[in-house]
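S.K.:
2 protein chains.
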Amino acid sequence: MRADAARRRVALVREARRLFAENGSDVALDAVAEGAGVGIATLYRNFESRAALVEQVGLAILADLRSATTQAAADLPRNPGHAWRAYVDQLVALDLGALTAALSPDLAGALHGPVSDAQQLSLAAVESLLVGVRAAGLVPADLGALELVVAVGIVTRPQPEAVRQAAPHLVDRLVDVLLAGLLARAGVEAAARVRPT
Amino acid sequence: MRADAARRRVALVREARRLFAENGSDVALDAVAEGAGVGIATLYRNFESRAALVEQVGLAILADLRSATTQAAADLPRNPGHAWRAYVDQLVALDLGALTAALSPDLAGALHGPVSDAQQLSLAAVESLLVGVRAAGLVPADLGALELVVAVGIVTRPQPEAVRQAAPHLVDRLVDVLLAGLLARAGVEAAARVRPT
DNA sequence: CTAAACTGGAGGAAATCTCTCCACTAGAAG
DNA sequence: CTTCTAGTGGAGAGATTTCCTCCAGTTTAG
Numbered sequence: 001m002r003a004d005a006a007r008r009r010v011a012l013v014r015e016a017r018r019l020f021a022e023n024g025s026d027v028a029l030d031a032v033a034e035g036a037g038v039g040i041a042t043l044y045r046n047f048e049s050r051a052a053l054v055e056q057v058g059l060a061i062l063a064d065l066r067s068a069t070t071q072a073a074a075d076l077p078r079n080p081g082h083a084w085r086a087y088v089d090q091l092v093a094l095d096l097g098a099l100t101a102a103l104s105p106d107l108a109g110a111l112h113g114p115v116s117d118a119q120q121l122s123l124a125a126v127e128s129l130l131v132g133v134r135a136a137g138l139v140p141a142d143l144g145a146l147e148l149v150v151a152v153g154i155v156t157r158p159q160p161e162a163v164r165q166a167a168p169h170l171v172d173r174l175v176d177v178l179l180a181g182l183l184a185r186a187g188v189e190a191a192a193r194v195r196p197t
Numbered sequence: 001m002r003a004d005a006a007r008r009r010v011a012l013v014r015e016a017r018r019l020f021a022e023n024g025s026d027v028a029l030d031a032v033a034e035g036a037g038v039g040i041a042t043l044y045r046n047f048e049s050r051a052a053l054v055e056q057v058g059l060a061i062l063a064d065l066r067s068a069t070t071q072a073a074a075d076l077p078r079n080p081g082h083a084w085r086a087y088v089d090q091l092v093a094l095d096l097g098a099l100t101a102a103l104s105p106d107l108a109g110a111l112h113g114p115v116s117d118a119q120q121l122s123l124a125a126v127e128s129l130l131v132g133v134r135a136a137g138l139v140p141a142d143l144g145a146l147e148l149v150v151a152v153g154i155v156t157r158p159q160p161e162a163v164r165q166a167a168p169h170l171v172d173r174l175v176d177v178l179l180a181g182l183l184a185r186a187g188v189e190a191a192a193r194v195r196p197t
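Which chain is which? The protein sequence lines are U and A, in order. Sequential numbering of the first sequence, starting at 1, is according to the numbering used here. Sequential numbering of the second sequence, starting at 1, is according to the numbering used here.
#1: Quick one: does residue 189 of chain A have its CB under 8 Å from some CB of chain U?
#2: What residues in the region 125 to 154 of chain U have a beta carbon less than 7 Å from any beta carbon of chain A?
#3: Taking 8 Å as the CB-CB limit, is residue 122 of chain A close to chain U?
#4: So for residue 27 of chain A, helix, strand or coil by DSSP?
#5: Could you check if residue 15 of chain U is buried or exposed, using at least 16 other CB atoms within 10 Å of its CB as the buried criterion?
#6: Which term fits residue 68 of chain U, buried or exposed, when burial requires 16 or more other beta carbons within 10 angstroms of its beta carbon?
#7: Looking at chain U, is there any beta carbon in it that lies within less than 8 Å of the beta carbon of residue 17 of chain A?
#8: For residue 50 of chain U, tell me which candidate among U:83, U:35 and U:26 has the shortest Cα-Cα distance.
#9: Within the continuous alpha helix (DSSP H) that includes residue 192 of chain A, where are the two ends?
#10: At a Cβ threshold of 8 Å, is residue 100 of chain U touching chain A?
#11: For residue 97 of chain A and residue 65 of chain A, what's the separation of their Cα atoms in angstroms?
#12: Looking at chain U, is there any beta carbon in it that lies within less than 8 Å of the beta carbon of residue 119 of chain A?
#13: Rank U:54, U:130, U:73 and U:175 by C-alpha distance to the C-alpha of residue 18 of chain U and give the top, closest one.
#14: In chain U, what lies closer than 8 Å to residue 50 of chain A by C-beta?
#15: Mapping DSSP to helix, strand and coil, what is residue 112 of chain U?
#16: Taking the C-alpha atoms as reference points, what is the distance between residue 56 of chain U and residue 91 of chain U?
#17: Between the region 177 to 189 of chain U and the region 174 to 185 of chain A, can you find at least three pairs of beta-carbon atoms closer than 8 Å?
#18: Which residues in chain A have a C-beta closer than 7 Å to the C-beta of residue 163 of chain U? List them in chain order.
#19: Starting from the beta carbon of residue 180 of chain U, find every residue of chain A whose beta carbon is closer than 7 Å, and list them in chain order.
#20: My guess is that residue 37 of chain A and residue 103 of chain A are in contact by the Cβ rule of under 8 Å, so how many angstroms apart are they, rounded?
#21: Roughly how many angstroms separate the alpha carbons of residue 190 of chain A and residue 114 of chain A, rounded to a whole number?
#22: State buried or exposed for residue 44 of chain U, treating a residue as buried only when at least 16 other CB atoms are found within 10 Å of its CB.
#23: So, residue 286 of chain U versus residue 42 of chain U, is the Cβ gap smaller than 8 Å?
#24: Run through DSSP, which three-state label would residue 80 of chain A get?
#25: Which of the three DSSP states, helix, strand or coil, is assigned to residue 147 of chain A?
#26: For my contact list, residue 149 of chain A and residue 154 of chain U are in at a C-beta cut-off of 8 Å; report their separation, rounded to the angstrom.
#27: List, in order along the chain, the chain A residues whose C-beta lies closer than 9 Å to that of residue 31 of chain U?
#28: Contact criterion: CB-CB distance below 8 Å. Does residue 38 of chain U meet it with respect to chain A?
#29: Does the beta-carbon distance from residue 63 of chain A to residue 72 of chain A come in below 8 Å?
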């Protein structure tokens, strides 16, 4: 494959990811091509169907999720509180909204196949990270990996311009409050363990 | 106006509200008419333009918001914790997602006019409710009315089927955790007031 | 420099959406 | 019950959007 062709392919996936996260996966393919600065023909040559493009976007996001998670797992023992907070911040920047909300209709048909495999790997990583996080008392015992990922996806789904303007930094605050809430719940559990009824 | 005509008009607004909340305000008007069980011509006779329909949906939601808020304000003195919780649960059932997320692009042009007036009234009501809620130590002092409304809108925006299936009851849990987080933050503030640094 | 890989975007086909028109249905007043 | 008229539904023309192919021309690698 020629070098410039590969570059264009990457640009297409990146732009598709951006647009999917912003508007859902039903964006016009023409818009993806234009946004990536390539002709529409190039898109169709690289991705046989819309589903193929969606799949690549899904894989890219899952790969990022997995690497962020491994990183956090390595940092956790040193400073649990800080590592956990930094991890969640990374998740926020990850277009999980695109994965869970926008892509899921298209990915539903791909319950088997590479996306599903990548998803299992990533979720397993998150789950094993959560073992340490729970032990550190940062989240309640019943917080699951899938639940965490979907929750972050919901909170960070991009909002229309008017909303962002009406309540700037709202997402950051929401994340702060959520983390505080998880911590509080973990605290309640711990107290119950120490002094059982 | 004939009685049956009025009934159809209401059905149209109700169906539009449902569909806007579910899919954003760019639903096909044909779909709204069909969902309401009336012909497309009836829709166009009642609402001159798409914007007129959107406006009515906005007014309906804002009216519900306001009445829920007044109700809660009346209940608050008797039992703050319970009233606050019940209020938030009501907000969750209110299609605020439709108001903030789906409608805002169309409503942006209506910055003056009936929708804007209704919004100011409703937000003023929420603000005055929050005075009591803050005093009861249930939320931090800097939680604003608009922020609360938009936050609930974000969290309750409807999710695609696949997401709902992957993590059922997630929205309920999110709301629980959020309330716990707000409470915890309010607690921190209170502690700081008692024992200032 | 040459061959082969690769490109862009015009444009036809297909789908979708908007909105009008008018023959008809069914409330309401007497 | 009859009559008058406000109100109805849905076909379909026209406008818009999206999909996808085709090929003359450009760019890279060797």
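Idealized CB from N, CA, C, for every residue including glycine.
M.R.: In short:
#1: Sequence index remark: in the second sequence, residue 189 of chain A carries index 189 (1-based). For residue 189 of chain A, the answer is no, since every Cβ of chain U falls outside 8 Å of its Cβ.
#2: For the region 125 to 154 of chain U, the set of residues with a beta-carbon nearer than 7 Å to any beta-carbon of chain A comprises 146, 147, 150, 151 and 154, in chain order.
#3: Looking up residue 122 of chain A in the second sequence gives position 122. It does not; no Cβ of chain U falls within 8 Å.
#4: Locating residue 27 of chain A in the second sequence gives position 27, counting from the first residue. The answer is coil: DSSP assigns residue 27 of chain A none of H, G, I, E or B.
#5: Residue 15 of chain U sits at position 15 when you count from the first residue of the first sequence. Buried is the call here.
#6: For this step, residue 68 of chain U is matched to residue 68 along the first sequence. Counting C-beta atoms within 10 angstroms of its own C-beta, residue 68 of chain U has 16 or more neighbours from the protein chains shown and is therefore classed as buried.
#7: Stepping through the second sequence from its first residue, residue 17 of chain A is reached at position 17. Chain U contact via Cβ: absent.
#8: If you number the first sequence from 1, residue 50 of chain U lands on position 50. Cα-wise, what sits closest to residue 50 of chain U is U:26.
#9: As a first step, residue 192 of chain A is located in the second sequence; it is residue number 192 there, counting from the start. According to the DSSP assignment, residue 192 of chain A belongs to the alpha helix (DSSP H) that extends over 170 to 194.
#10: For this step, residue 100 of chain U is matched to residue 100 along the first sequence. Cβ-Cβ to chain A under 8 Å: yes for residue 100 of chain U.
#11: Your numbering for residue 97 of chain A matches position 97 in the second sequence. Your numbering for residue 65 of chain A matches position 65 in the second sequence. Taking the straight line from one Cα to the other gives about 12 Å.
#12: Translated into positions along the second sequence, residue 119 of chain A becomes position 119. It does not: the Cβ of residue 119 of chain A has no partner Cβ on chain U nearer than 8 Å.
#13: Looking up residue 18 of chain U in the first sequence gives position 18. It is U:54 whose Cα lies nearest to the Cα of residue 18 of chain U.
#14: Against the second sequence, residue 50 of chain A aligns to sequence position 50. The premise fails here: residue 50 of chain A is roughly 16 Å from chain U at the closest Cβ pair, so nothing lies under 8 Å.
#15: Against the first sequence, residue 112 of chain U aligns to sequence position 112. Three-state result, residue 112 of chain U: coil.
#16: Along the first sequence, read from residue 1 onward, the residue named residue 56 of chain U stands at position 56. Along the first sequence, read from residue 1 onward, the residue named residue 91 of chain U stands at position 91. The alpha-carbon atoms of residue 56 of chain U and residue 91 of chain U are separated by roughly 19 Å.
#17: yes
#18: As a position in the first sequence, residue 163 of chain U is number 163, starting the count at 1. Near residue 163 of chain U (Cβ distances below 7 Å), the residues of chain A are 100, 101, 104 and 150.
#19: In the first sequence, counting from the first residue as 1, residue 180 of chain U sits at position 180. Going along chain A in sequence order, the residues near residue 180 of chain U (Cβ under 7 Å) are 181, 184 and 185.
#20: Translated into the one-based positions of the second sequence, residue 37 of chain A becomes position 37. Translated into the one-based positions of the second sequence, residue 103 of chain A becomes position 103. With a Cβ gap of about 23 Å, residue 37 of chain A and residue 103 of chain A do not count as contacting.
#21: For the purposes of this step, residue 190 of chain A is identified with residue 190 of the second sequence, where counting begins at 1. For the purposes of this step, residue 114 of chain A is identified with residue 114 of the second sequence, where counting begins at 1. One alpha carbon belongs to residue 190 of chain A, the other to residue 114 of chain A, and they sit about 40 Å apart.
#22: On the first sequence, residue 44 of chain U is found 44 positions in, with the first residue counted as 1. Residue 44 of chain U comes out exposed.
#23: As displayed, chain U neither begins before 1 nor continues past 197, which places residue 286 of chain U out of reach and without an answer.
#24: Working through the second sequence from its first residue, we reach residue 80 of chain A at position 80. Correct three-state label for residue 80 of chain A: helix.
#25: Taking the second sequence and counting its residues from 1, one reaches residue 147 of chain A at position 147. Correct three-state label for residue 147 of chain A: helix.
#26: Within the second sequence, the letter at position 149 stands for residue 149 of chain A. Within the first sequence, the letter at position 154 stands for residue 154 of chain U. Rounded, the Cβ-Cβ distance is 17 Å, inconsistent with contact.
#27: Start at 1 with the first residue of the first sequence, and residue 31 of chain U comes out as number 31. None at all; the shortest Cβ gap to chain A is about 15 Å.
#28: Start at 1 with the first residue of the first sequence, and residue 38 of chain U comes out as number 38. So no, residue 38 of chain U is outside the interface.
#29: Taking the first residue of the second sequence as 1, we reach residue 63 of chain A at position 63. Taking the first residue of the second sequence as 1, we reach residue 72 of chain A at position 72. No, the pair does not count as a contact, with Cβ atoms beyond the cut-off.
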